[in-house]
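Numbering (our numbering), first residue to last: -18 to 915. Note that the Cβ used here is the ideal one computed from N, Cα and C, for glycine as well. Since the structure is predicted, the reported quantities are computational estimates derived from the model, not experimental observations. Here's the structure we're looking at; comments come further down.
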């Protein structure tokens, strides 16, 4: 409760500085007109009254204006997989009344072009002879302002408010007319999240503060605050506009605590005509001043008051006493090493289609980030509004802000200068916020001259403002004068890797790191790690009550129903979600094990609804849980203190001794002396089999060796799943991993089934006699149209197949009943864990769409939601008088070197030799023969 009151108090303090008797809100009803043919300037619509009405703040799309979505819709954003436009399977979703696109959330209305907004204002007599400022907090995006038919100015920013000062505005009624154009007239990139339909939608309107404010003749234009943690002072650089009065004007500066109580003495500056309008002062915060960080987000307020000829203006700025900088390969906050544990925010706001402008929703976002162990948010190719900074300030979240671009740079086009200007606007508007710690041009630029251009841009930023760290861009290029590198490489699977990635190509272990990619001269922060998909949560559809609808989910739900598996939707979600969580755990722990690493940025903690529908979040697009992992569990491997174990492998034999080094990553508020580190090994029944402890000092770093777990496995005589856990008592940190132990010597099976590679005459004869047959369809035997063309790997799908041109793997893990007797000697949950790696890495999927509607395999493979085929790798049924088991995983090759595959085969054979092997579903032999190549 204390935290929420602090956020509210911070907000109210700012409001107190903003709200005054000299301000008029212009929120409410405006006149309005669409201008799809862009005729308004030629026909001088600014000199006529518009004939429709609309509410501002808001977007025109959310109020029902625009065009219906159709095949001809000119989306702002790239569509990689264009099959929706002509493929037969999407034909019914291209019909009027049933228009549904699969590649992102569907807006109710779509409009790209010019719109006009008009409001009559009434200037009171008391404002006579005073400058009047119009503020439009966020327009989208190119804006031209007219007053009484006269053009007053233009605004091209995607990130900052439009403010215009009228110096000679007579009392009485006037007409404001605003032209807003949301076409991509400046090449920021159609996929940039500042403009794209992939996420927020390309909306048109004004969504923030809309107000008029009377100013004194000398008024405040800008305040920049430069804290110094060494001497606990803040330098105030203030820019005034206008002219001093007949008498001397005064500028009063006072630092306050967030409760409004003064800190130190006020400083008064006298301004007479001819005095510079650029003023600086240094104010002391006192020896007991409090620093700002993620652990102690202490805030101060600078109140600046200018008085001229009896007229007064007051402005406030929030700041924190903090220093964020690079030191070697690490970042430091106030001289202490920090590790960035971040996620992206790609302007995903499904209810409104535009970013939240109020503090409450940002509190929800950052609260979820913190609940899942994160301390950092990267705003991918966009800059958030004021509210996002204010709440991050109060909650201690480190932000990376970007200048709205995902484009080609350095080619001499207009956008080259625009990015300079946008960066300057962002630094001026939001630079005081202590949460604003990192800055980049945008995302993944193109262009032959990008290195030179971005290097010069970084020099430009550094010449203006050293309060944060700067880099070239998300992903690339490496630029020598940057403060840090946002590197694309440190991940266990990347673009174009597929089955060659670490997690799919190598047996599972937890000892790999990425030390080879660390640059010795600057911090490395990994770019967009993760991108692991999960099956859609169809219950989420009902959440989309605003301007965007999950019609893509409706398509996926309908195709699942067409394949007679609607009843498995929740099971597919849960099982694929557990695999997704395991993949994120592997990525995050690899980052935490990498010496000298500076942090990671996940893509993503929550779903990305565009680019083909990238369901990569353990949270949905609303930052809500999906039901398969909680923040409590996630933060066991993603936190400021994380125990780690370097397992050389995850599958063991009982003639081996488990040996695995334990280490710690500790980036807490302070170092720990004599931390108590305890490890434990337990079985699935919760029985403690072994334990031990270490005592270790924990400095603020990672790769801290604690000791070695050593445990002989000889006493484990049955196939067993064990849990190894490590905890740090002082920090309440605990992490755990599953490992598997199988007998080195297997018990003989007296009644082996007949094992065949095809359902030939001999196999059929045995089945007709009532015998048991095990059909092993080795990888490569399955027909292409029956699963042979499906690339199966251990991990879940990377990003999504529609955007990656079907980058493998094409599946989302396994689903099974862990109590099925065929798995009795192969301990498992109902979803993928590392003991399944060998099996799914050496298998073909079997497409079972031709089987009876209610038929279910013993072990499912969860298909891509775009195709929703019924897939399996292990199935059983009755054929004639006999009983048949079919497996499409490799259970024949090199089993002496593949303990999991050997044990899986043993479990199947034991089941088939028992009286529990009695499948009830009849199977037509022709269906089996249709699976494999003739």
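The DSSP assignment places 340 to 352 and 367 to 376 as complete runs of the alpha helix (DSSP H) inside the segment 327 to 388, in order along the chain (cut-off: 4 residues). The count of Cβ pairs closer than 8 Å, one atom from the segment 878 to 887 and one from the segment 896 to 911, stays below three, leaving the stretches out of contact. Judged by their CB atoms, residue 302 and residue 407 are not nearer to each other than the 8 Å cut-off. Within the model, the alpha-carbon separation for residue 313 versus residue 96 is close to 47 Å. Annotation for residue 243: 235, 236 and 237 place their beta carbon closer than 8 Å to its own, counting only its chain and skipping 5 residues before and after. A Cβ-Cβ separation of about 6 Å places residue 247 in contact with residue 233 under the 8 Å criterion. The segment 866 to 879 makes no contact with the segment 783 to 799; the number of CB pairs closer than 8 Å stays below 3.
Here residue 710 carries a helix assignment [DSSP, helix/strand/coil]. Judged by DSSP in its simplified three-state form, residue 119 adopts coil rather than helix or strand. Residue pairing from DSSP places residue 859 in a beta bridge opposite 864 and 903.
Taking 4 residues as the minimum length, the alpha helix (DSSP H) runs contained wholly in the segment 548 to 628 are 550 to 574 and 612 to 615, in order along the chain.
Cβ-Cβ distances below 6 Å link residue 60 to 84 in the same chain, with the five nearest sequence neighbours on each side left out; the list follows chain order.
Taking the Cα positions, residue 657 is about 35 Å away from residue 605. Cβ contact annotation for residue 485 (same chain, cutoff 6 Å, sequence separation greater than five): 774, 775 and 776, in chain order. Closest by C-alpha distance to residue 857, out of 531, 212 and 827, is 827.
Here the C-alpha atom of residue 51 lies approximately 16 Å from the C-alpha atom of residue 45. Burial is judged here by how many other beta carbons sit within 10 angstroms of a residue's own beta carbon; residue 118 has at least 16 and is buried. For residue 755, the closest C-alpha among the options 54, 572, 741 and 265 is that of 741. Proximity to residue 43 across 92, 27 and 404 peaks at 92, based on C-alpha coordinates. Residue 266 carries a coil assignment under DSSP once its states are collapsed to helix, strand and coil. At a cut-off of 3 residues, the continuous stretches assigned as beta strand (DSSP E) that sit fully inside the segment 155 to 205 are 191 to 195. For residue 422, the closest C-alpha among the options 743, 359 and 377 is that of 359. In terms of Cα proximity to residue 845, the closest of 886, 782 and 363 is 782.
C-alpha of residue 798 to C-alpha of residue 180: approximately 37 Å in a straight line. Collapsing the DSSP output to three states places residue 318 in a strand. In this model, residue 71 and residue 64 are separated by some 8 Å (Cα to Cα). Pairing residue 335 with residue 328, the inter-Cα distance amounts to about 7 Å. Residue 30 and residue 12 do touch by the CB rule: their CB atoms are close to 6 Å apart, below 8 Å. Here the alpha carbon of residue 854 sits roughly 35 Å from the alpha carbon of residue 507. Under DSSP, no beta-bridge partner is assigned to residue 133.
One alpha carbon belongs to residue 442, the other to residue 404, and they sit about 8 Å apart. Under DSSP, the beta-bridge partners assigned to residue 91 are 48.
Secondary structure within the segment 766 to 846: the beta strand (DSSP E) runs of 3 or more consecutive residues, fully enclosed, are 792 to 797 and 840 to 844 (chain order). Beyond the five residues adjoining it in sequence on each side, residue 473 comes within less than 7 Å, by CB distance, of 482, 483, 484, 567, 568 and 571 in the same chain, given in chain order.
Residue range 395 to 411 is occupied by the alpha helix (DSSP H) that includes residue 403. Pairing residue 515 with residue 603, the inter-Cα distance amounts to about 16 Å.
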